[in-house]
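In the numbering used here, the protein residues as written are 66 to 237.
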């Protein structure tokens with residue numbers, strides 16, 4: 066079982082406090098995650114990105130997850146994207162941005178979360194998406210228009226918009 070860490074004042078937190086300070090993460094944040102936008106240039110000259118669908122809520126989202134003990138945000142993002150999409154040949158391009166939001170746990174406790182997103186290029190356009198079983202029921206490549214229409218959360222829509230700007234600027 067993996068050890069997960071947030072930004073709580075526990076012994077695990079103290080071990081990672083420098084990592085969080087280096088990344089400008091406010092100490093009041095309860096959880097820190099990282100994820101990514103993976104894109105590929107398709108034969109029809111369209112750019113497509115991967116979205117995965119939560120098997121319980123049926124919401125389309127970007128792959129993301131929480132830090133393991135001692136992991137950098139880039140390492141967390143890379144690992145989570147690979148685990149949740151099954152895409153193994155991805156190349157880190159750059160950090161996109163971060164989002165902050167709050168949510169309630171099953172016990173109705175309110176937690177704040179910060180998610181750092183990175184841009185990846187799928188360097189082997191033959192790989193199929195193979196979502197992580199138990200959490201997701203579907204993964205799919207979407208065009209810019211499709212992905213911006215189907216993504217479930219406004220904060221992730223903003224991340225997608227920023228990602229597409231970066232991709233378009235990279236090609237010019």
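Glycine included, C-beta positions come from ideal geometry on N, C-alpha and C.
From 225, 233 and 231, residue whose alpha carbon lies closest to that of residue 126: Taking the chain shown and counting its residues from 1, one reaches residue 126 at position 61. Among 225, 233 and 231, the Cα nearest to that of residue 126 is on 225.
Best match in 131, 217, 204 and 220 for proximity to residue 113 [C-alpha to C-alpha]: Position 48 of the chain shown holds residue 113. When only C-alpha atoms are compared, the closest one is 204.
Beta bridge counterpart(s) of residue 113 as assigned by DSSP: Counted from its first residue, the chain shown places residue 113 at position 48. According to DSSP, residue 113 bridges with 105 and 208.
Cα-Cα separation between residue 198 and residue 130, rounded to whole angstroms: Locating residue 198 in the chain shown gives position 133, counting from the first residue. Locating residue 130 in the chain shown gives position 65, counting from the first residue. Each residue's Cα considered, the two are about 15 Å apart.
Close Cβ partners of residue 188 (< 6 Å) along its chain, the five nearest in sequence each way excluded: For the purposes of this step, residue 188 is taken as residue 123 along the chain shown, with counting starting at 1. Within the same chain, residue 188 has close Cβ partners 154 and 156.
Cβ neighbour criterion (16 or more within 10 Å) applied to residue 170: Position 105 of the chain shown, counting from 1, holds the residue named residue 170. Residue 170 should be labelled exposed.
Residues of its chain near residue 215, where Cβ-Cβ distance is below 6 Å and the 5 sequence neighbours each way are ignored: Counting from one through the chain shown, the residue named residue 215 turns up at place 150. Same-chain partners within the cutoff: 125.
Cβ-based burial, residue 207 [other Cβ within 10 Å; buried from 16]: Your numbering for residue 207 matches position 142 in the chain shown. Looking at its Cβ environment, which holds 16 or more other Cβ atoms inside 10 Å, residue 207 is buried.
DSSP three-state assignment for residue 196, whether helix, strand or coil: Here the question's residue 196 lines up with position 131 in the chain shown. Three-state DSSP puts residue 196 in coil, outside helix and strand.
Bounding residues of the beta strand (DSSP E) (the contiguous stretch that carries residue 223): Residue mapping note: residue 223 aligns to position 158 of the chain shown, counting from 1. Not the beta strand (DSSP E): residue 223 falls in the alpha helix (DSSP H), residues 219 to 235.
Secondary structure, beta strand (DSSP E): runs of 3+ residues fully inside the segment 127 to 190: 129 to 131, 155 to 169 and 175 to 187
As assigned by DSSP and simplified to three states, the class of residue 87: Taking the first residue of the chain shown as 1, we reach residue 87 at position 22. Note: residue 87 maps to helix in three-state DSSP.
Length of the line joining the Cα atoms of residue 95 and residue 186: Position 30 of the chain shown, counted from the first residue, corresponds to residue 95. Position 121 of the chain shown, counted from the first residue, corresponds to residue 186. Taking the straight line joining both Cα atoms gives about 30 Å.
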